[in-house]
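Residue numbering for the sequence shown follows this note's numbering, beginning at 1 and increasing consecutively. Worksheet for the structure shown next.
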Amino acid sequence: MPLPSRLDRYSVLPTEAVRERGGVLSFFGSQKREGGWEVPRHLRVACCMGSVELDLREAILSEGDTVIEVIAFMGSVEILLPPGVRVDMEGDALVGEYTFTPDPTALAPRGAPRIILQGNAILASVEAESRYAGERKRDAQRRVKAARRQVGSG
């Protein structure tokens, strides 16, 4: 098996070295994936009256596209993405929320992995945001705000 190449903290493997499919199910409970876990090229997440947290900041990703398909009903799904990956959001919300908050301070380099978020949130929330590994939400907001001030004053 080829060794992963490092980009920031997440790892990238050739497409053929990453398994094709996988899933996460939360039904009246909670699921959490974090650390150096391998994200399949097509990950299906189903959440019904529960919660799911997917932390991809130190995960092993495919060098190509990774599709994360989320179906959430009366629950919450939080996806933490490493800055520097490309993200396409194709989700819909019905009396709910389906959002992605990018990190404007980190541009995706040429050839960076692409995460495609798709699915539906029905009376539920699906929230994705970019943050560095180990960085808390408040610290990320401060870092982005400081960077915007520097751009505005420069």
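Where a beta carbon is used, it is the ideal one built from N, C-alpha and C, also for glycine.
Query raised in the report: Which value, in whole angstroms, describes the spacing of the CA atoms of Leu94 and Ile71?
Result: Between the alpha carbons of Leu94 and Ile71 lies a distance of about 12 Å.
Report task. Would you check if the region 40-53 and the region 95-113 touch, i.e. whether three or more CB-CB distances between them fall below 8 Å? Result -> No: the two stretches stay apart, fewer than three of their Cβ pairs being nearer than 8 Å.
Report task. Quickly, what does DSSP pair Gln118 with across the bridge? List them, please. Result -> Glu69, Glu90, per the DSSP bridge assignment.
Query raised in the report: Which class does Thr15 belong to by DSSP, given the choice of helix, strand or coil?
Result: Of the three classes helix, strand and coil, the one that applies to Thr15 here is helix, per DSSP.
Query raised in the report: Can you name, in chain order, every residue of its own chain whose Cβ lies under 7 Å from the Cβ of Ser62, other than the five neighbours on each side?
Result: Once the five neighbours on either side are set aside, the close Cβ partners of Ser62 are Leu13, Thr15, Val18, Arg41, Pro113.
Report task. My understanding is that Ile116 touches Glu97, with C-beta atoms under 8 Å, so please give their C-beta distance in whole angstroms. Result -> Contact between Ile116 and Glu97 does not hold, since their C-beta atoms are separated by about 19 Å, which reaches or exceeds 8 Å.
Query raised in the report: Does the beta-carbon of Val87 have 16 or more other beta-carbons within 10 angstroms, so that it is buried, or is it exposed?
Result: Burial call: buried.
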